[in-house]
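**Student:**
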């Protein structure tokens, strides 16, 4: 459990550094390191399928972000906004943290999850039908409609990106 | 959200995405739990909770799609206004 705590602290420090550093390219690289730390954390939390998906998604995201940061910006854009935004940010942070304080006390204790729905799923699972990976068989057996919605969202995003790129070329 | 650069704003949404994913997986973790694989020495009642892992698997994919669309829109705005600064974007007049 100690290695997980160390990894999470490293991730928090990395997130703060990535947002506060001035060079855009190095902050993109720190975001990539954060994603790799996240995938190692998934392995420590016994979710290896998530770790693999996170690794691939992180590499694609790095390519997209580096494409955006290659563009040279002539203006100096490391300044902050006016003070009015500062008060908006602080007040929303206070509201969010006070809500989180009341909600987190209602959660189950760490290490002992509520196992009601999952127990019903796991009890009736057909082992011989879909192989020995429980995550894949749950996704393709009980949750297949959610996977359908996820795929629709992915294709709509791809169509949006293609439309935007094509529209720029014509102008 | 105090930044002016639009790429930094996209990065902040990515970091929020990561934190939500870690929170969901942590909420389903069981101490000394087994992997989600059927085998002889894995007890089915001592496993990690699979429901948050399925939700996070979809959240990762949808997050990738959303971030790709955001970066494409940011590059399009740069080609139109020639800056990444969101406060200077709407002051440009031809």
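Protein chains in written order, with the working numbering: chain A, 1 to 171; chain B, 1001 to 1094. Just so you know, even glycine gets a beta-carbon here, dropped at the ideal spot from N, CA and C.
Closer than 6 angstroms by C-beta to residue 55(A): which residues in its own chain qualify, once you throw out the five before and the five after it? Chain order, please.
**Tutor:** Walking along the first chain from the start, residue 55(A) turns up at place 55. So the list reads 39, once near-sequence residues are dropped.
**Student:** Using a threshold of 9 angstroms, state whether the C-beta atoms of residue 46(A) and residue 1036(B) are closer than that.
**Tutor:** The residue you call residue 46(A) lines up with position 46 of the first chain. The residue you call residue 1036(B) lines up with position 36 of the second chain. Contact: yes.
**Student:** Do residue 161(A) and residue 1072(B) have their C-beta atoms within less than 9 angstroms of each other?
**Tutor:** For this step, residue 161(A) is matched to residue 161 along the first chain. For this step, residue 1072(B) is matched to residue 72 along the second chain. Contact flag set, yes.
**Student:** At what residue ranges does the segment 83-134 of chain A contain a whole run of the alpha helix (DSSP H), taking only runs of 4 or more?
**Tutor:** With a minimum length of 4 residues, the continuous alpha helix (DSSP H) runs that stay inside the segment 83-134 of chain A are 83-106, 116-123 and 127-130.
**Student:** Between which two residues does the alpha helix (DSSP H) containing residue 47(A) stretch?
**Tutor:** Within the first chain, the letter at position 47 stands for residue 47(A). That residue, residue 47(A), is in no alpha helix (DSSP H); it is neither H nor E in DSSP.
**Student:** Considering just the uninterrupted stretch of the alpha helix (DSSP H) at residue 1072(B), what are its terminal residues?
**Tutor:** By one-based count along the second chain, residue 1072(B) stands at place 72. Run containing residue 1072(B): 1050-1081, per the alpha helix (DSSP H) assignment.
**Student:** So what does DSSP say about residue 1094(B), is it helix, strand or coil?
**Tutor:** Reading the second chain from its first residue, position 94 is the one you call residue 1094(B). Any reading at residue 1094(B) must be qualified, since the residue scores a pLDDT of 49, below 50, and its modelled position is unreliable; no value is offered.
**Student:** Rounded to a whole number of angstroms, what is the C-alpha to C-alpha distance between residue 153(A) and residue 140(A)?
**Tutor:** For the purposes of this step, residue 153(A) is taken as the residue at position 153 of the first chain. For the purposes of this step, residue 140(A) is taken as the residue at position 140 of the first chain. Cα to Cα, residue 153(A) sits roughly 18 angstroms from residue 140(A).
**Student:** Touching or not, the segment 1008-1028 of chain B and the segment 1048-1062 of chain B, by the rule of three or more beta carbon pairs under 8 angstroms?
**Tutor:** yes
**Student:** Go ahead and pull the three-state DSSP assignment for residue 1004(B).
**Tutor:** Here the question's residue 1004(B) lines up with position 4 in the second chain. In the structure shown, residue 1004(B) sits in coil (DSSP, three-state: anything other than H, G, I, E or B).
**Student:** With distances taken from CA atoms, which of 1049(B), 1031(B) and 1030(B) is nearest residue 120(A)?
**Tutor:** One-based indexing of the first chain puts residue 120(A) at position 120. Ranking 1049(B), 1031(B) and 1030(B) by Cα distance to residue 120(A) puts 1049(B) first.
**Student:** If you reduce the DSSP assignment to three classes, tell me which class residue 63(A) lands in.
**Tutor:** As a working note, residue 63(A) is residue 63 in the first chain. In the displayed model, residue 63(A) falls within a helix according to three-state DSSP.
**Student:** Applying a beta-carbon distance threshold of less than 8 angstroms, which residues of chain B neighbour residue 105(A)?
**Tutor:** Locating residue 105(A) in the first chain gives position 105, counting from the first residue. The contacting residues do not exist; residue 105(A) stays about 14 angstroms from chain B at best.
**Student:** Give a yes or no on whether the minimum CB-CB distance between residue 9(A) and chain B is below 9 angstroms.
**Tutor:** The residue given as residue 9(A) occupies position 9 in the first chain. Not an interface residue.
**Student:** Taking only three categories from DSSP, how would you classify residue 1(A)?
**Tutor:** Taking the first chain and counting its residues from 1, one reaches residue 1(A) at position 1. Residue 1(A) falls in the coil class under three-state DSSP.
**Student:** Any beta carbon of chain B sitting closer than 9 angstroms to that of residue 146(A)?
**Tutor:** Against the first chain, residue 146(A) aligns to sequence position 146. Cβ-Cβ to chain B under 9 angstroms: yes for residue 146(A).
**Student:** How is residue 1034(B) classed by DSSP in three states: helix, strand or coil?
**Tutor:** Residue 1034(B) sits at position 34 when you count from the first residue of the second chain. Looking at residue 1034(B) - three-state DSSP - the assignment turns out to be strand.
**Student:** Identify, in the order they occur along the chain, each residue of the same chain with its Cβ nearer than 7 angstroms to the Cβ of residue 33(A), setting aside the five sequence neighbours on each side.
**Tutor:** Position 33 of the first chain, counting from 1, holds the residue named residue 33(A). Excluding residues within five positions, the ones whose Cβ falls inside 7 angstroms are 14.
**Student:** DSSP on residue 141(A), reduced to helix/strand/coil?
**Tutor:** If you number the first chain from 1, residue 141(A) lands on position 141. If DSSP states are grouped into helix, strand and coil, residue 141(A) belongs with the helices.
**Student:** At a CB-CB cut-off below 7 angstroms, which residues of chain B make contact with residue 41(A)?
**Tutor:** Taking the first chain and counting its residues from 1, one reaches residue 41(A) at position 41. Under the 7 angstroms cutoff, chain B gives 1022.
**Student:** I need the DSSP call for residue 146(A), collapsed to helix, strand or coil.
**Tutor:** Translated into positions along the first chain, residue 146(A) becomes position 146. Helix, per DSSP.
**Student:** Based on Cα-Cα distance, which residue from 142(A), 68(A), 102(A) and 108(A) lies nearest to residue 118(A)?
**Tutor:** Taking the first residue of the first chain as 1, we reach residue 118(A) at position 118. Residue 142(A) is the option with its Cα nearest to residue 118(A).
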